[in-house]
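**Student:**
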Amino acid sequence: MNAFVVWWRGTGRWGWAGAALVGLALTLFVALIAFDPVSDRWVEHGSRQLGSVSISVFSRGAIRAGGTAAIRLALDQPLEAEIGINGLLTNGSWAAGEQELILEVPEDAERFELIVRSGSDSASFYLGRAVP
Amino acid sequence: MKRTQQGDRTWFLIHSWIGLKLSVLMSFVLITGTFAVISYEIDWLLNPEMRAATPVSEVASWGKVYESLQTEYPRATIASIGRQEDPWWAVEASVLTPWGELGRLWFDPDSGAFQGATGWVNVQRFFRTTHRHLMLPTQIGIPIVASLAFPLLLSLLAGFLVYKKFWRGFFRWPRFAKPVRIWSGDLHRLLGLWSSWFLLLIALTSVWYLVEVLGGNAPPFPEAAAPMARDSAVPQTLTGSRIDAMVADAQAALPGLSVRRIVFPQRPEGALLIQGDLSAVLVRPRANSVAYDPSTGSRLGAYRGEALGIHQRISEMADPLHFGYFGGLGTKILWFLLGFAMSALSITGCVIYSKRLVKHHGRRGATAAPA
C-alpha cells in the first residue's frame, strides 16, 4: 500500500478535522484577497459652494484606477454641470436633494479628485488615493 | 523488567499517537510558524519599496516622514509609523484610506522621501494570521492553535522516555544510505534532540498565549495624563517639526532610546506615543514609551521596560522568544532553522509510521500469499 495512503488512514477522524481547519484557514485567506475588506458606509468628502449651489460629496467603497466609484451628491438646488473624477467628466442635470451616481475612474489616475464644473465655476473634492 | 518495557511501550504509543493523529494540523501550524519568523524578510525581498534607499541605522527625521505622508496621502488616517531595527529597512506607515482600506506606505529613513505603497495583505500577514489563529476569530483560533502546546509537551516528554541513552545520539549522523524508514528514524531522533529546548520554549510561550486569550493577559501599561480636548484624533496643527521635537524630547526623557515607532491617536482624547528600544531585554518597543499631547507637543508621561511588573514582562517576553527577533536577523535565522527542524520532526514521524506499516503489510502479504 502507498505510504501516503497508510499515513492518511492512520490519522483517522483527527486527520479530517485537521484538514478541515487547514482548508478553512486557506479558504478564508483567499477570500480576504478576493473580496476587498472595505467599509460599506458613505464617506464624506466635504462641502463646497458652486455659485449659489451648495454641494456635499460622499463616496462608498474602494476607489481604484480603471474601476468605478459610487458617489452620492447632496445639492440644495438643481444643477446643470459636468461631474467626473479627474478628467473624465459627464454632463448632466442634477436635481436638488441626494442622488447616487456611478462614475468611471481613469485608468492612469493615482489620486482621485471629483470635479464639478458649471459654466465658469468649478469645485473639486479630493477623494483620496488607493493603496495597491 | 517487564513493567519497564510496558511503560516504554505506552510512552511510545502516546508519542506516535500524538504525532500521527495531529500531524495535519500540527505540520501546518509548525510550517506556517517557521515561515512567519522570516516573513518580513520575504516581503522585503519581494517588494523594492520596503528597502531603504539609503540604509541608515537611525531614522534621520520622523517629522520628514510624516510630512511626506501628508503630501502623498493627505486624507489617510495614520495608525503608526515605524521601522524594523536593521538599517536596510524603509520606514513603514500603516494607514487607512478614506474608504477604510488598510495599506502600508514606505519612506526612505534618511530623506523621508516616499518610496511606494503596498497592500495590507502580504506574505507576512498570510503566515502570521494562518499560524496564529487559522484566520478564525482570535477567540476561537488562538485557543485551537495554542492548545497544540500540550500534546507537543507530552510528545517531547514521551520522546525522551522512549529514547534510551539519548545523550549518545547528539552526534549520531543519520544513515542516509539505508532505506527511508531507517534514515528518517535517525533524522527524527537527531533533530528531536537538537531542537528539544526550542520545542519546549515554543510550547511554553504558546501556553502563555492561551492564558492570555483566556483572560490572563497582563495589566495595561502605566496611564499617561490626559491630553487637551480637541476635535480630531490627529490635530491639523501637528507638523513634522513638532514630531521631531517630540522625538528629541522622548530621547531626553529616556536617554538612549532608539525610536522604533510612533503610534498616532485614533480618538480625540488619545495621546501620541513614541516607543522604542532601550535597556530592558526581551521586551517589545512598546515597553519603552513616552506619551505626548499631539496638539501642544507637551509630554504626558513616560515609562521604561524595567518599570513594568512581572506579569507585563512575561507578556512582553513571549513574542521575542516565540519569534526569535530579540537578536536581530541572526536569531531570526536560527529560529527559522529550528522551526524547520520542528516541522521536519512532524513529517519524519509520519514517514516512520507509514513506512513501518507498509513494511508490516508487506510481510503479512508475503506470509499470506503461499497459503
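So the protein sequences, as listed, match chains S and U.
Oh and the first sequence: position 35 is 35 in this note's numbering, straight run, nothing missing.
All you need for this note's numbering is the position in the second sequence, starting with 1, plus 132.
No residue lacks a Cβ here, since even glycine has one placed at the ideal position from N, Cα and C.
Between S/SER124 and chain U, is there a C-beta pair that is closer than 8 Å?
**Tutor:** no
**Student:** Assign U/HIS492 to buried or exposed, taking buried as 16 or more other Cβ atoms, counted over all protein chains shown, within 10 Å of its Cβ.
**Tutor:** exposed
**Student:** Give the interface partners of U/SER155 over in chain S, defined as CB-CB distance under 7 Å, in chain order.
**Tutor:** THR11
**Student:** If you scan the stretch 376 to 403 of chain U from start to end, which runs of the beta strand (DSSP E) of 3 or more residues do you find wholly inside it?
**Tutor:** List check, beta strand (DSSP E) in window: 390 to 395.
**Student:** Determine, using beta carbons only, whether S/ASP76 and S/VAL57 come nearer to each other than 8 Å.
**Tutor:** no
**Student:** For the alpha helix (DSSP H) that contains S/THR27, what are its first and last residues?
**Tutor:** 3 to 34
**Student:** Taking 8 Å as the threshold (beta carbon to beta carbon), is U/LEU332 in contact with chain S?
**Tutor:** no
**Student:** Counting only beta-carbon separations shorter than 8 Å, does S/VAL131 have a partner in chain U?
**Tutor:** yes
**Student:** Can you find a C-beta in chain S that's less than 8 Å from the C-beta of U/MET182?
**Tutor:** No, U/MET182 lies away from the interface with chain S (no Cβ there is under 8 Å from its Cβ).
**Student:** Return the Cβ separation of U/LEU332 and U/LEU288 in integer angstroms, given the expectation that the two are a contact with Cβ distance under 8 Å.
**Tutor:** 6 Å
**Student:** Could you run through the stretch 223 to 253 of chain U and flag, in chain order, every residue whose CB is less than 8 Å away from some CB of chain S?
**Tutor:** VAL227, THR229, PRO230, TRP231, GLY232, GLU233, LEU234, GLY235, ARG236, LEU237, ALA249, THR250, GLY251, TRP252, VAL253
**Student:** Is there a Cβ from chain U that is less than 8 Å from the Cβ of S/PHE35?
**Tutor:** no
**Student:** Going by DSSP, which residues form a beta bridge with U/TYR435?
**Tutor:** U/SER421
**Student:** Starting from the beta carbon of S/GLY84, find every residue of chain U whose beta carbon is closer than 7 Å, and list them in chain order.
**Tutor:** In chain order: nothing, as chain U lies at least about 18 Å away.
**Student:** Tell me, please, whether the CB atom of S/PHE58 is closer than 8 Å to any CB atom in chain U?
**Tutor:** By this cut-off, S/PHE58 is not an interface position.
**Student:** What are the boundary residues of the alpha helix (DSSP H) that includes S/ALA96?
**Tutor:** Looking at the DSSP string, S/ALA96 is not in any alpha helix (DSSP H), and its letter there is neither H nor E.
**Student:** Between the alpha carbons of S/LEU26 and S/ILE115, how many angstroms are there, rounded?
**Tutor:** 42 Å
**Student:** For U/VAL227, tell me which candidate among U/ILE394, U/GLU448, U/VAL169 has the shortest Cα-Cα distance.
**Tutor:** U/ILE394
**Student:** Just mark U/ILE375 as buried or exposed, buried being the case when its beta carbon has 16 or more other beta carbons within 10 Å.
**Tutor:** Buried, by the Cβ-count rule.
**Student:** For S/GLY119, which residues from the same chain have a beta carbon less than 7 Å from its beta carbon, with the 5 sequence-adjacent residues on both sides left out?
**Tutor:** Nothing meets the Cβ criterion.
**Student:** What residues of chain U sit near S/VAL38, judged by a beta carbon separation below 9 Å?
**Tutor:** THR229, TRP231, GLY232, GLU233
**Student:** DSSP three-state call for S/ASP121: helix, strand or coil?
**Tutor:** Assignment of S/ASP121 by DSSP, reduced to helix, strand and coil, places it in the strand class.
**Student:** For S/ILE102, decide whether its Cβ has a neighbour in chain U, counting only Cβ atoms nearer than 8 Å.
**Tutor:** no
**Student:** Which same chain residues, not among the five before or five after U/LEU410, have their C-beta less than 7 Å away from its C-beta?
**Tutor:** LEU386, GLY388, LEU389, ASN420, ARG436, GLY437
**Student:** Let me check one thing: in DSSP terms, what residues is S/GLN49 bridge-paired to?
**Tutor:** S/SER54
**Student:** Below 6 Å CB to CB, which residues in the same chain sit around U/ASN254 once its five sequence neighbours on both sides are set aside?
**Tutor:** So the list reads ASP175, once near-sequence residues are dropped.
**Student:** Are the CB atoms of U/ARG392 and U/GLU181 within a distance shorter than 8 Å?
**Tutor:** no
**Student:** Taking C-beta pairs closer than 9 Å, name the residues in chain U that S/LEU127 reaches, listed in chain order.
**Tutor:** ARG207, PRO230, TRP231
**Student:** For S/PRO106, tell me which candidate among S/THR68, S/TRP7, S/LEU21, S/TYR126 has the shortest Cα-Cα distance.
**Tutor:** S/THR68
**Student:** Please identify the residue among U/TRP220, U/LEU201, U/ALA384, U/LEU346 whose C-alpha is closest to the C-alpha of U/SER189.
**Tutor:** Comparing alpha carbon positions, the residue from U/TRP220, U/LEU201, U/ALA384, U/LEU346 closest to U/SER189 is U/TRP220.
**Student:** What's the gap between the Cα of U/GLY251 and the Cα of U/VAL312?
**Tutor:** 44 Å
**Student:** With U/THR164 as the anchor, note down where its alpha helix (DSSP H) starts and where it stops.
**Tutor:** 155 to 169
**Student:** What residues in its chain sit with their C-beta under 6 Å from that of S/ASP121, if we drop five residues either side in the sequence?
**Tutor:** Cβ contact annotation for S/ASP121 (same chain, cutoff 6 Å, sequence separation greater than five): LEU50, GLY51, in chain order.
**Student:** Does S/LEU114 have its Cβ less than 8 Å from a Cβ in chain U?
**Tutor:** no
**Student:** Nearest chain S C-beta to U/LEU504 closer than 8 Å, yes or no?
**Tutor:** Because chain U spans 133 through 503 in this model, residue 504 of chain U falls outside it and cannot be assessed.
**Student:** Quick check on the burial criterion: 16 or more other C-beta atoms within 10 angstroms. Buried or exposed for U/THR262?
**Tutor:** buried
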